[in-house]
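Following: one structure in structure tokens, then a few remarks.
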Amino acid sequence: MNGARERIERLRTEIRQHERRYYVDNDPTIADEEFDLLMQQLRALESEHPEWLTPDSPTQRVGGQATDGFPSHVFSEPMLSLDNAYSVEELGEWNDRLRARLDDGDIDYVAELKIDGASIHLIYDAGILSHGITRGDGRVGDVVTSNVRTIRSVPLRLTADDTVEVRGEMFLGIDAFRRLNEERDARELPRFANPRNAAAGSLHQVDPAMVRERPLDFFAYTLLPRGERQSRDLERLHGLGFKVNPNWSVCGSFDDVVEFCRDWETRRDTLDYEIDGVVVKVDSVDLQERLGRTSKAPRWAIAFKFKARQATTSVLDIQVQVGRTGALTPKAALEPVPLGGVTIRNATLHNEDEIDRLGLRIGDRVLIERGGDVIPKIVKVVESAPDGRPFQAPTACPVCGSAVFRAEDEVVRRCLSQTCPARIKEAFLHWAQRKAMNIGGLGERRVEQLVEGGLVSDVSDLYTLSGNPERLTALERMGDKSVENLLAEIDASRAVPFEQLVHGLGIRHVGERTAQVLAGHFHSMKRLMAAETAELEQVDEIGPVVAETVSRFLREPRNRALIDRLDAAGLPMASEGPAPDRPNQVFAGQRIVVTGTLGAWTRGEVKAMIEARGGRVASSVSGRTAFVLAGADPGSKLAKAEKLGVRIVDEAAFGDMLV
Ligand code: IVH
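When we follow the working numbering, the leftmost residue of the sequence shown carries the number 46, and every step to the right adds one.
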């Protein structure tokens with residue numbers, strides 16, 4: 046067979062496999078850029094040999110595939126994809142093509158952020174959400190209305206009775222993604238590789254209750270039928286009650302477009318959701334119509350893609366680090382590879398099970414990804430090395446040589462020595478971090494000096510250092526000024542909020558968020574220490590595993606003695622009184638159900654009042670419900686509350702609670 050023809054066939058087969066993995070399984074094995082490259086190669090070959098172009102070639106369709114199991118919906122206007130520009134030059138070429146087609150004077154562009162999630166299509170019938178649909182193959186999508194309804198930023202009713210269709214991106218914020226993974230760790234479920242996969246996978250869940258647990262979000266960007274300008278449509282979408290990403294701009298010149306793209310490429314890390322580029326659109330719908338589209342994408346829009354944060358590389362070795370809880374964490378040493386502007390040499394592996402799950406051996410080629418986290422992770426093995434070496438889990442601590450132990454219910458091995466220098470060092474670094482006690486200048490080298498010099502053995506010792514500063518000045522690279530600065534930083538840490546101290550203690554499973562929840566609920570160390578496991582479990586967002594670890598930590602005499610020393614050193618052991626602009630957190634950590642018609646407030650007002658006081662409005666009554674606020678004509682929720690013995694509060698009593 047002819048070489049080019051064979052190559053075309055091979056490319057098509059390969060692309061189809063990747064399409065299936067990406068769209069159907071939500072489980073890609075190559076980076077988006079690599080996929081685009083395969084498509085480009087196929088397109089180039091097909092344009093050289095148009096005689097071999099067939100209608101079933103991956104280049105001939107919009108992309109994606111509908112999944113079985115959900116009803117289908119045929120879009121009135123296909124959900125096209127976008128052509129990509131990987132450089133300012135390619136963006137310029139797109140602009141030149143536009144101008145050649147239009148030979149008009151000035152063109153206004155709209156630049157929007159390209160949200161890295163999954164697109165969905167919404168249908169509103171006289172202002173009421175009637176259908177939520179996935180993109181599917183762009184022509185036919187899956188109807189997943191119940192799941193879409195759980196996304197809080199998708200309005201169920203518009204501010205006007207319009208019959209419209211709306212498209213936009215559904216996504217998971219970075220914080221929500223981290224929390225979801227932390228929770229999955231605690232439940233020992235596999236982590237999601239990135240927010241996009243976590244979001245996209247959610248829509249095909251069969252149980253909407255599972256979807257509700259993931260705090261999905263939504264930005265609208267297309268209104269159908271279109272108005273006169275994209276910029277006006279964005280404003281209208283906002284007016285109809287949608288969340289529209291605020292970072293869009295009308296650009297009067299191509300130079301402004303380039304500036305917008307460059308600016309956001311450097312600022313993408315400041316956002317709490319992932320973006321992978323900028324979508325540039327021609328503002329005038331009239332011009333959009335004149336430009337038209339190809340079979341795959343509109344000519345009037347293009348995606349300027351930021352430098353990829355996925356890449357493939359090889360695993361040179363798997364090393365083991367010891368963390369503050371004694372956990373032995375394997376880390377992959379990688380063949381250095383550039384990724385999103387930095388050179389990557391390592392990736393986290395979490396635990397041995399993760400290595401098994403990935404089927405990873407030393408020597409394999411892997412797909413790595415840098416998402417919200419700074420340290421990249423291995424998404425999967427893309428090519429196993431024929432002579433790959435399996436990872437041997439250590440039987441002794443690589444730092445202190447003590448025995449290591451893996452409990453039956455745990456995914457990690459731990460060094461059991463309380464005096465392991467690696468554990469002590471990590472505990473200090475955790476204590477000093479910005480989101481805990483925020484002690485600037487207490488970095489890795491300094492901690493090593495202090496620990497190895499015998500000046501400190503646990504974090505409470507930091508607060509005794511000011512007693513004899515000469516011991517510090519005796520250390521290498523510690524002049525009077527450095528000592529003074531460090532002592533000032535340590536002293537200032539006495540003023541951090543209580544919740545940061547709870548975080549700083551380094552209790553397993555208690556990250557920043559959980560620490561906030563605990564501090565918000567108990568308000569003081571005394572009350573937290575007095576709480577039984579069962580009481581901890583009652584706190585919203587605290588599961589049985591976390592409750593048990595917190596309780597075990599606080600019962601341990603050595604930890605209680607440490608807390609006593611911290612208390613004596615003047616560290617915050619209780620929440621401050623409420624800030625003047627923040628109402629008393631009377632509902633902190635509570636789930637409250639509202640039912641029936643209220644006289645004094647709208648549902649929205651009640652929700653805002655509860656949330657401002659630290660509570661959460663839940664939609665159904667369960668054993669975890671703190672109380673049910675019942676107005677006139679309450680429904681079945683009241684009966685359920687009575688059955689479960691949940692407290693019922695009327696409007697007047699609720700008003701009294703709002704002190
Ligand atoms: S406009 C014909 N605007 O990017 C217009 N898309 O690579 C098509 N996306 O499938 C979409 N943010 O899922 C548009 N501000 C934005 C976007 C956006 C993210 C996604 C969308 C689309 C994909 C194309």
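Ideal placement from N, C-alpha and C gives every residue a C-beta, glycine not left out.
Inter-residue spacing [alpha-carbon to alpha-carbon] between Q110 and E93: For Q110, the pLDDT reaches just 44, beneath the cut-off of 50, and the residue's location in the model is therefore unreliable, leaving the point undetermined.
Give a yes or no on whether the C-beta atoms belonging to R459 and F473 are separated by under 8 Å. no
Using DSSP bridges, identify the partner residues of L203. L203 is not bridged to any residue.
Taking DSSP's pairing of strands, which residues face S329 in a bridge? R274
Neighbourhood of D207 by C-beta, 8 Å cutoff - its chain only, sequence neighbours within 5 removed: Y169, A171, G172, L285
Please return the same chain residues whose Cβ sits closer than 8 Å to the Cβ of R320, not counting the five positions on each side in sequence. Reading the sequence as shown, one finds Ile at residue 320 and not Arg. So the list reads L158, K159, I160, D161, W309, R313, F351, once near-sequence residues are dropped.
Residue closest to D432, alpha-carbon to alpha-carbon, out of E529, G690, V360, F120: V360
Taking T186 as part of the alpha helix (DSSP H), name the residues at either end of that continuous run. Sequence check: residue 186 is Gly here, not Thr. Segment 185-187 is the beta strand (DSSP E) holding G186; no alpha helix (DSSP H) there.
Rounded C-alpha distance that separates V303 from E78: The straight-line gap separating the alpha-carbon atoms of V303 and E78 is approximately 21 Å.
Classify C296 as helix, strand or coil using the three-state DSSP reduction. Strand at C296.
Figure out for me which residue from L261, R236, I347, M84 has the closest Cα to the Cα of L143. I347
Report the partner residues of E214 according to the DSSP bridge assignment. S164, F264
Three-way DSSP call (helix, strand, coil) for D308 in this model: helix
Can you give me the C-alpha to C-alpha distance between V456 and N396, rounded to a whole angstrom? 6 Å
Using 8 Å as the threshold, is the C-beta distance between C296 and F349 below it? no
With which residues is F349 paired in a DSSP beta bridge? A130, V323
Cutting at 8 Å between CB atoms, please list the residues of its own chain near A130, excluding the five before and the five after it. L136, E138, W139, I347, A348, F349, K350
If you measure between the beta carbons of I407 and A392, is that distance less than 8 Å? no
Whole-Å CB distance - L674 paired with F699, under 8 Å assumed: 5 Å
Following a CB-centred definition, is A158 positioned closer than 7 Å to any heavy atom of the ligand IVH? Per the sequence shown, the amino acid found at residue 158 is Leu instead of Ala. Yes - the ligand IVH has a heavy atom lying nearer than 7 Å to the Cβ of L158.
Output the distance between the C-alpha atoms of R600 and P235, rounded to the nearest integer angstrom. 30 Å
Member of P270, P435, R636, G649 whose CA lies at the smallest distance from the CA of I693: R636
Is it right to say V211 is buried, meaning 16 or more other beta carbons lie within 10 angstroms of its own, or is it exposed? buried
Anyone know if the C-beta pair for Q366 and T358 falls short of 8 Å? No, these two residues do not count as a Cβ contact at 8 Å.
Would you say L510 and L517 are within 8 Å of each other, going by their C-beta atoms? yes
8 Å CB neighbourhood of A441 in its chain, flanking five on each side removed: S447, A448, V449
Specify the secondary structure class of G177 as computed by DSSP and reduced to three states. strand
Using CA coordinates, which residue listed in T190, A89, T74 is at the minimum distance from H118? T190
Which residues in the same chain have their Cβ closer than 7 Å to the Cβ of G615, if we skip the five residues on either side of it in sequence? R539
Test item: CB-CB of F436 and I400 under 8 Å: yes
Tell me which residue opens and which closes the alpha helix (DSSP H) that P95 is part of. Careful: P95 lies outside any alpha helix (DSSP H) and carries neither H nor E.
Any idea what DSSP makes of A76, helix, strand or coil? coil
By how many angstroms is the C-alpha of M523 removed from the C-alpha of E497? 15 Å
Please determine whether the Cβ atom of P343 lies at a distance below 7 Å from any heavy atom of the ligand IVH. yes
Counting C-beta neighbours from all protein chains within 10 Å, is the total for D328 16 or more, i.e. buried, or is it exposed? D328 comes out buried.
What is the DSSP secondary structure of Y318, reduced to helix, strand or coil? coil
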